[in-house]
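Going by the working numbering, the sequence shown opens with residue 176, and the numbers climb by one from there.
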Amino acid sequence: MKSLAPRIPAIAVLAVGCADKQQRFRYSDQGISFLEEPGRSGMAFEYDDAGNLTGLKQGAASADGTGAVRLAPTQSTSFAYDNLGRLSSVAGEAGSFEFERGSGGQITAIRGPKGMAARVKLDESSRISQISGSGGAHVEVSYTTDDQLSELTGPNGTARLEHTDDGRLERFVGPEGGETRFEYEEGRLKAVHYGDGSTVQHLYDEDGQLNGLIDPLGQPTMFQRDRAGRVAGVER
């Protein structure tokens, strides 16, 4: 039976690494996005009828005089799902990774090309409490009384997280003491302040959509959107 979920673009081509530091997205009624200029690097995304991402291909992209895009893929990744629409495996250049789930649907283990890659332990509230790697190293996860993530303790020490009253991440302190602060305005992320004194500013349009970033050197990255509100271009 065909899914009644809204159809997500069958193919989307993302322009990356452009010499003029521009990335362009274009959409059609079929959801196709492609790079306008030839001789660029591109990524093509493939979806099933339910809107699940099933394939990712990367390679050299080119466009002919009609605007049709050709992609010569050099790398590919595929994604598979179980009958409930949950991600079950990812296969790519590094091999295949399979996800095991508990009775509640949470991921409890990840198996890689060389066997068990990671195991996840859940607490009585079905929250992640420990993540163990294949080499024996593990990370302990702690929460506040209101279920906010508060600490991550691993081989390199403990990272701490603080949240605002409405649950937004406000402060992150790494195991070595490096601090990152998140500043909000009218419910939107306004700036990210790093421990070295640098700041990344977030810019929004009158509709509240993110339309630009200002990096620590004052250089802008701007997003252009189409009439549907989708990102149509990125310019640095």
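All C-beta atoms in this analysis are idealised placements derived from N, C-alpha and C, irrespective of residue type, glycine included. All figures in this text were calculated on a predicted structure; none of them were measured in a lab.
For residue i, the three-state DSSP class (helix, strand or coil)
| i | result |
| --- | --- |
| E410 | strand |
| P213 | Residue placement at P213 is flagged as unreliable, the pLDDT there being 47, under the threshold of 50; the coordinate-derived value follows with that caveat. Looking at P213 - three-state DSSP - the assignment turns out to be coil, as it is neither helix nor strand. |
| L139 | Within the shown structure, residues of the chain are numbered from 176 to 411, placing residue 139 beyond reach of any answer. |
| E361 | coil |
| S373 | coil |
| A317 | The question names Ala, but residue 317 in the sequence shown is Ser. Reduced to three states, the DSSP call for S317 is strand. |
| N331 | coil |
| A312 | coil |
| G383 | coil |
| L392 | coil |
| S325 | strand |
| I207 | Model confidence at I207 stands at a pLDDT of 44, short of 50, so the residue's coordinates are unreliable and nothing is read from them. |
Bounding residues of the beta strand (DSSP E) (the contiguous stretch that carries residue i)
| i | result |
| --- | --- |
| S304 | 303-308 |
| P395 | 395-400 |
| E351 | Looking at the DSSP string, E351 is not in any beta strand (DSSP E), and its letter there is neither H nor E. |
| K296 | 290-297 |
| G287 | 282-287 |
Beta-ladder partner(s) of residue i, from DSSP
| i | result |
| --- | --- |
| G267 | G270 |
| P248 | G234 |
| E337 | R346 |
| G404 | The partner list for G404 (beta bridge, DSSP) is empty, contrary to what the question assumes. |
| A422 | It is not possible to answer for residue 422, since the shown part of the chain is limited to 176 through 411. |
| S278 | In the DSSP output, where bridge partners are listed per residue, S278 has none listed. |
| S253 | G230, A266 |
Contact under 8 angstroms by Cβ, residue i with residue j
| i | j | result |
| --- | --- | --- |
| S251 | G267 | yes |
| G270 | A293 | no |
| Q384 | R402 | no |
| Q394 | R405 | no |
| G329 | V348 | no |
| G287 | F272 | yes |
| V295 | A312 | no |
| G387 | L378 | yes |
| A235 | A247 | yes |
Any C-beta of chain C under 8 angstroms from that of residue i
| i | result |
| --- | --- |
| Q394 | Within the model displayed, chain C is absent; a lone protein chain is all it includes. |
ask   = Does the segment 335-344 come close enough to the segment 319-326 that 3 or more CB-CB pairs lie under 8 angstroms?
value = Taking 8 angstroms as the limit for Cβ pairs, the verdict is that the segment 335-344 does touch the segment 319-326.
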